[in-house]
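Colleague:
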Amino acid sequence: MKESLFIKLVKYFYGISKPFDEFARDVINDAGNKIAIGLMVYLLMSAYALMVLIRWFSPMNVVSGVIMADIFVYLIASAYMGRIIKKNKLDRYEFDNEEERKIYGKRFIISNVLKTVLTLSFAMYPISVWFRYLGMSESIFPSFIGCFIGILVAIYTQYCRQFKK
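Numbering (the working numbering), first residue to last: 766 to 930.
As C-alpha cells, then:
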C-alpha cells in the first residue's frame, strides 16, 4: 500500500526510516486528525480574538501576541505527535545486521541535520525582522548558532539512544 503524504512527512520530520504497518498508520492518522481538529478550533478562535483585540490595543502588540501564541500551539502539537510516536514505540529500530544499522544511522543524522538547517534558515529572517521592529535586538544570529548547536547535541544523543548498543 502506498504511503500518504502525511505519513511521509511524519516519518521524515521525526526521523523514522522503517515502513509503517497498519497499526502504526492508524495511530499516526488518529493523532493527526486530533491535531487538525485542535488547530482548526484554535485558528477560528484566534481570528475572532484578533479582530476584537485590535480595536482596544496596538495592532503590533496584538500581532506579536498572536505570533507567540502560534509558536506555543505549534510546540504543543509537535510535542503531542512526538509523545504518540514514543508511546507506541514507532521510532524504535530492530536491525538484522550491522551494515543496516550504519545505513539507517547515517540517514537519520543527515535528514535531521538538513531539517534543522532548513527550519532555522526559514525562521531566521522573519524572526530577526520582527525582533528588529520591536527594538529587541540588532542581530539574533548568535541565538540561532546556540540553538543550532543545542539541536545538534540533541540529535546526537537521540542517535546514540537509537542506533548504538
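Ideal Cβ positions, reconstructed from N, Cα and C, are used throughout, including at glycine.
Starting from Tyr-779, trace the alpha helix (DSSP H) in both directions and tell me its first and last residue.
Modeller: The residue labelled residue 779 in the question sits at position 14 within the sequence shown. No alpha helix (DSSP H) holds Tyr-779; DSSP gives it neither H nor E.
Colleague: Leaving out five residues on either side along the sequence, give the residues of the same chain with a beta carbon under 7 Å from the beta carbon of Ile-772.
Modeller: Residue numbering aside, residue 772 sits at position 7 when the sequence shown is read from its first letter. So the list reads Phe-785, Arg-790, Ile-793, once near-sequence residues are dropped.
Colleague: For Asn-877, I'd like the list of residues in its chain whose CB is within less than 7 Å of its CB, leaving aside the five on either flank, ordered along the chain.
Modeller: Looking up residue 877 in the sequence shown gives position 112. Counting only Cβ-Cβ distances below 7 Å, and skipping sequence neighbours, we find Gly-780, Ile-920.
Colleague: Among Val-831, Tyr-777, Pro-891, Glu-768, which residue has its Cα nearest to the Cα of Tyr-813?
Modeller: Sequence index remark: in the sequence shown, residue 813 carries index 48 (1-based). With distances taken between Cα atoms, Tyr-813 lies closest to Val-831.
Colleague: Just to confirm before moving on: does the CB-CB distance between Tyr-858 and Lys-783 stay below 8 Å?
Modeller: Taking the first residue of the sequence shown as 1, we reach residue 858 at position 93. Taking the first residue of the sequence shown as 1, we reach residue 783 at position 18. Against a cut-off of 8 Å, the Cβ pair of Lys-783 and Tyr-858 comes out as a contact.
Colleague: Between the Cα of Phe-873 and the Cα atoms of Glu-768, Lys-767, Pro-824, Tyr-777, which residue gives the shortest distance?
Modeller: Here residue 873 refers to the residue found at position 108 of the sequence shown. Residue Tyr-777 is the option with its Cα nearest to Phe-873.
Colleague: Report the three-state DSSP secondary structure of Asn-853 (helix, strand or coil).
Modeller: Translated into positions along the sequence shown, residue 853 becomes position 88. Coil, per DSSP.
Colleague: Looking at the structure shown, is Gly-900 part of a helix, part of a strand, or coil, going by DSSP?
Modeller: Here residue 900 refers to the residue found at position 135 when the sequence shown is read from its first residue. Three-state result, Gly-900: coil.
Colleague: Can you tell me where the alpha helix (DSSP H) with Phe-928 in it begins and where it stops?
Modeller: To locate residue 928, count along the sequence shown from 1; it is residue 163. Here the alpha helix (DSSP H) through Phe-928 covers 906 to 928.
Colleague: In whole angstroms, what is the alpha-carbon distance linking Ile-916 and Leu-885?
Modeller: As a first step, residue 916 is located in the sequence shown; it is residue number 151 there, counting from the start. As a first step, residue 885 is located in the sequence shown; it is residue number 120 there, counting from the start. Using only the alpha carbons, I get a separation of about 11 Å.
Colleague: Could you tell me whether the Cβ atoms of Ala-801 and Tyr-845 are closer together than 8 Å?
Modeller: Sequence index remark: in the sequence shown, residue 801 carries index 36 (1-based). Sequence index remark: in the sequence shown, residue 845 carries index 80 (1-based). Taking 8 Å as the Cβ cut-off, Ala-801 and Tyr-845 do not qualify as a contacting pair.
Colleague: Identify which residue in Cys-925, Gln-923, Phe-906, Tyr-807 has its Cα closest to the Cα of Tyr-839.
Modeller: Here residue 839 refers to the residue found at position 74 of the sequence shown. Nearest C-alpha to Tyr-839 among Cys-925, Gln-923, Phe-906, Tyr-807: Tyr-807.
Colleague: Is the distance from the Cβ of Leu-883 to the Cβ of Ala-842 below 8 Å?
Modeller: Counting from 1 along the sequence shown, the entry for residue 883 is found at position 118. Counting from 1 along the sequence shown, the entry for residue 842 is found at position 77. Not closer than 8 Å, so no.
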